[in-house]
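Just below is one structure, and these are the notes that go with it.
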Amino acid sequence: YCLMNSRIAGRHTAVVSVGLIALLFVLCAAPVANAVDTSAWTHKMPITFSGYTQSGTLTNFPAMVKLNTGISGFLYSQFQSANGWDLRFTDSGANNWLNYDIDTWSQSGSSYVWVSVPNLTSGTTIWAYWGNSGVAGSPAAHATNGAIWQTANYTAVWHLGENMTNRAVVKDSCSTNNGIMKFEPGASLAVSTNAIIGDGVKFVIGGNYMQNRPCDIQVDSEGNFRFPSAVEVTAWMKDWDPSDWGCNYV
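Using the numbering used here, the first residue of the sequence shown is number 607, and each one after it goes up by one.
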């Protein structure tokens, strides 16, 4: 299943639980402001990371936060934007807005948001804020400019949440848009599917169809992926039936 990331090697990977909670990935982005004024937000909630048990501190770590109405005091009706655009996060002292990236927003289920945690240790707390009509008209710049990924030396991040009808172009969530992903003609059987986080992509090649040609993925800006040293590529995948010519989830 699910999320595909590409990043420079030498980072940490961990799984933690948040106060609402979720799965983590790798170090990332920096706070974007100082001494923030949160008085216009009508709702807030602490998010505490208790599942990280290592001794080291992870700096600017992008944590996956899972939101749904199973959390006490959290309702989608409290938001002023149907897209979650009035959502914000701060550090524990509300001194800095934190970079974030909404992976999936679903008012009828669970929403998944990557949040940059400045210093992650066991028991670290950040705050989520929502319910501000003054910022509900458009998403925050630091939630859409890829800062959470780009400042951590990610080359490309693909959430794979696009609708795969007509062989979709998959957006790169890094600010540089280095890696716009397209599917080769042989990938006409790439379809959207449920994944661990939001949506993913199911690649189907079976029978005599394209037996000698795999389901390829093209990435634009090829030159940006010619690294002078080792790199790490992370993907969550499931091989559904390896005995067949392939039916795979990403």
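We put the CB at the ideal spot given by N, CA and C, even for glycine.
Subject >> Per DSSP, the bridge partner or partners of Asn725 >> reply: Thr665
Subject >> Burial state of Ser722 (16 or more Cβ within 10 Å) >> reply: buried
Subject >> Beta-carbon proximity of Gln686 to Ser728, cut-off 8 Å >> reply: no
**OP:** Identify whether Ile653 lies in helix, strand or coil by the three-state DSSP scheme.
**Re:** strand
**OP:** In the DSSP assignment, find the beta strand (DSSP E) that holds Trp733 and state where it starts and stops.
**Re:** Thr730 to Trp736
**OP:** Out of Val775, Tyr760, Ser683 and Asn769, state which residue places its alpha-carbon closest to the alpha-carbon of Val839.
**Re:** Tyr760
**OP:** Determine the contact status of Asp692 and Val741, defining contact as a CB-CB distance below 8 Å.
**Re:** yes
Subject >> Best match in Gly737, Met843 and Thr750 for proximity to Leu704 [C-alpha to C-alpha] >> reply: Thr750
**OP:** Tell me whether the beta-carbon of Ile802 lies closer than 8 Å to the beta-carbon of Thr710.
**Re:** no
**OP:** Under the assumption that Thr582 contacts Phe680 (Cβ atoms under 8 Å), give the Cβ distance between them as a whole number of angstroms.
**Re:** With the chain covering 607 to 856 only, the question about residue 582 has no answer from this structure.
Original post:
Could you give the residue range of the beta strand (DSSP E) that holds Ala841?
Top reply: Val837 to Ala841
Original post:
Residues in its own chain within less than 6 Å of Lys650 by CB, not counting five upstream and five downstream?
Top reply: Trp733 and Tyr735
Original post:
When the Cα atoms are used, what is the spatial distance from Met770 to Val807?
Top reply: 8 Å
**OP:** Would you list the one or two residues that DSSP bridges to Arg694?
**Re:** Tyr735
Subject >> Distance between beta carbons of Asn674 and Ser717, contact taken as under 8 Å >> reply: 7 Å
**OP:** Please report the residue range of the beta strand (DSSP E) in which Thr675 lies.
**Re:** Looking at the DSSP string, Thr675 is not in any beta strand (DSSP E), and its letter there is neither H nor E.
Original post:
Does DSSP put Tyr706 in a helix, in a strand, or in coil?
Top reply: strand
Subject >> Helix, strand or coil at Tyr682 according to DSSP, with G and I counted as helix >> reply: helix
Original post:
Of the choices Val797, Leu766, Ile653 and Asn689, whose alpha-carbon is the least far from that of Ser698?
Top reply: Ile653
Original post:
Can you tell me whether DSSP reads Val741 as helix, strand or coil?
Top reply: helix
**OP:** Compute the Euclidean distance between the alpha carbons of Gly676 and Ala836, then round it to the nearest angstrom.
**Re:** 42 Å
Original post:
Do Asn666 and Ala758 have their C-beta atoms within less than 8 Å of each other?
Top reply: yes
**OP:** Assign Met670 to one of two classes, buried (16 or more other C-beta atoms within 10 Å of its C-beta) or exposed (fewer than that).
**Re:** buried
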